[in-house]
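Residue numbers (my numbering): 530 to 751. A virtual CB, placed ideally from N, CA and C, is assigned to each residue, including glycine.
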Amino acid sequence: MSDKKIEIMSEFFDNRAETYDYHMIEKLDLNVFYNEIAKYIPVNRPNIEILDLGCGTGLELERVFNIYPDAEVTGVDLSSKMLDKLKEKYKDKVTQLNLVCESYFDIDYGTEIYDMVLSTYSLHHFGRELKLSLYRKIHSSLKTRGVYIEGDYTVKTMEEENSLIAEYEHIRNTNCIADGFYHFDIPFTAKTQTDLLGKAGFGEVDIVKQWDNATVFLCQKK
Ligand SMILES: C[S@@+](CC[C@H](N)C(=O)[O-])C[C@H]1O[C@@H](n2cnc3c(N)ncnc32)[C@H](O)[C@@H]1O
530 MSDKKIEIMS EFFDNRAETY DYHMIEKLDL NVFYNEIAKY IPVNRPNIEI LDLGCGTGLE
590 LERVFNIYPD AEVTGVDLSS KMLDKLKEKY KDKVTQLNLV CESYFDIDYG TEIYDMVLST
650 YSLHHFGREL KLSLYRKIHS SLKTRGVYIE GDYTVKTMEE ENSLIAEYEH IRNTNCIADG
710 FYHFDIPFTA KTQTDLLGKA GFGEVDIVKQ WDNATVFLCQ KK
């Protein structure tokens, strides 16, 4: 079991904001991931309202704006530096963007507000209970026929998932820290994700794409 120190979430991403896009697109070659996400953005939704949880620098929003140039987007992120990068990138969208620099665990999303909720590469940092509470908020915030698209790191086996959770809990206990504030990667299996999304009220959860270390989930609110 490692005793590595972990960084406060907002500081972790503030410190990496400058090179974040280069890392994701040039080094990790993740355009293919964001192109995949774009395939599931619902079509024919005039005046679409979108909530992006952990929007970061807005890599996923490029695809959203290609499809819906006039989309109204609420983007939530803890890191002010990541949000500064997003603002620089989408200067022409300033009147359509409502950027909230807070934790998505701490804010109210409202009820039946959004046509689409989106979250990419952000939710693999939290334990099961916290994630379930977030999924419940996402489900309530969607309109009927609204969709939730999540693309994130996943692991293949329960052994990997349980071992990461055990390591995270050990670090949390050693450092007396609560779930959700520090940066530590605990991706779940696609099965755990699907079960949590089902528990949160999504009657239909489709795994629409799977790579070795990541999965795209498409959930429809009935
Ligand atoms: C790996 S980045 C992903 C950014 C973007 N969605 C993308 O795909 O490039 C994870 C983002 O989640 C944000 N984040 C992590 N925990 C958060 C929380 N509790 N509330 C809001 N944002 C959070 C981080 O600040 C960071 O910008």
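### Query
If we call anything under 8 Å between Cβ atoms a contact, is I700 one with G656?
Result no, Cβ atoms of I700 and G656 do not sit closer than 8 Å.
### Task
Would you mind working out which of D644, Y650, H653, K685 sits nearest S669, comparing C-alpha positions?
D644
### Query
Which residues mark the beginning and the end of the beta strand (DSSP E) in which T603 is found?
601 to 605
### Query
Is the beta carbon of E536 within less than 7 Å of some heavy atom of ligand 1?
Checking every heavy atom of ligand 1 against the Cβ of E536, none is found closer than 7 Å.
### Task
Confirm the yes/no value for this check: CB of S524, any heavy atom of ligand 1, distance under 7 Å.
Any answer about residue 524 is impossible in this case: the structure gives the chain only from 530 up to 751.
### Message
What would DSSP say about N627, mapped onto helix, strand or coil?
### Response
N627: strand per DSSP, three-state reduction.
### Query
Just how far apart, CA to CA, sit Y563 and L588?
7 Å
### Message
Could you tell me which whole alpha helix (DSSP H) segments of length 4 or greater appear in the stretch 631 to 714?
### Response
657 to 670, 687 to 704
### Query
First and last residue of the alpha helix (DSSP H) that includes L615?
609 to 618
### Query
Which one of L582, E591, S608 has the shortest CA to CA distance from M538?
Comparing Cα-Cα distances from M538 to each of L582, E591, S608, the minimum goes to S608.
### Message
At 4 residues or longer, what runs of the alpha helix (DSSP H) sit wholly inside the stretch 533 to 603?
### Response
538 to 543, 560 to 567, 588 to 596
### Query
Is the closest heavy atom of ligand 1 to the C-beta of M645 under 7 Å?
no
### Message
Which of the three DSSP states is assigned to K751 in this structure?
### Response
coil
### Query
Quick one: is the Cβ of D606 within less than 7 Å of any heavy atom of ligand 1?
yes
### Task
May I ask you to list the residues that DSSP assigns as paired with Q739?
Answer by DSSP bridge pairing, in chain order: T744.
### Check: G583 C-beta below 7 Å from any heavy atom of ligand 1
yes
### Query
Which whole-angstrom value is the C-beta distance of G639 and D606, which I expect to be below 8 Å?
That belief does not hold up - the Cβ atoms of G639 and D606 are roughly 18 Å apart, past 8 Å.
### Query
Is S662 near ligand 1, in the sense that its beta carbon is under 7 Å from a heavy atom of that ligand?
Every heavy atom of ligand 1 is 7 Å or more from the Cβ of S662, so no.
### Query
Taking the C-alpha atoms as reference points, what is the distance between N573 and Y551?
33 Å
### Message
Within a Cβ cutoff of 7 Å, which residues of the same chain sit near L517, ignoring the five residues on either side of it in sequence?
### Response
The first residue shown for the chain is 530 and the last is 751, placing residue 517 beyond what the model contains.
### Message
Going by C-alpha to C-alpha distance, which of A719, A546, S651 sits closest to D741?
### Response
A719
#### Entry: Integer-rounded CB distance, given that V646 should sit under 8 Å from L671
6 Å
### Query
Between Y711 and E591, which are expected to be in contact by the criterion C-beta below 8 Å, what is the C-beta distance as a whole number of angstroms?
Contact doesn't hold; Cβ gap of about 29 Å is too wide.
### Task
Return yes when the C-beta of S609 is under 7 Å from any heavy atom of ligand 1, and no when it is not.
No.
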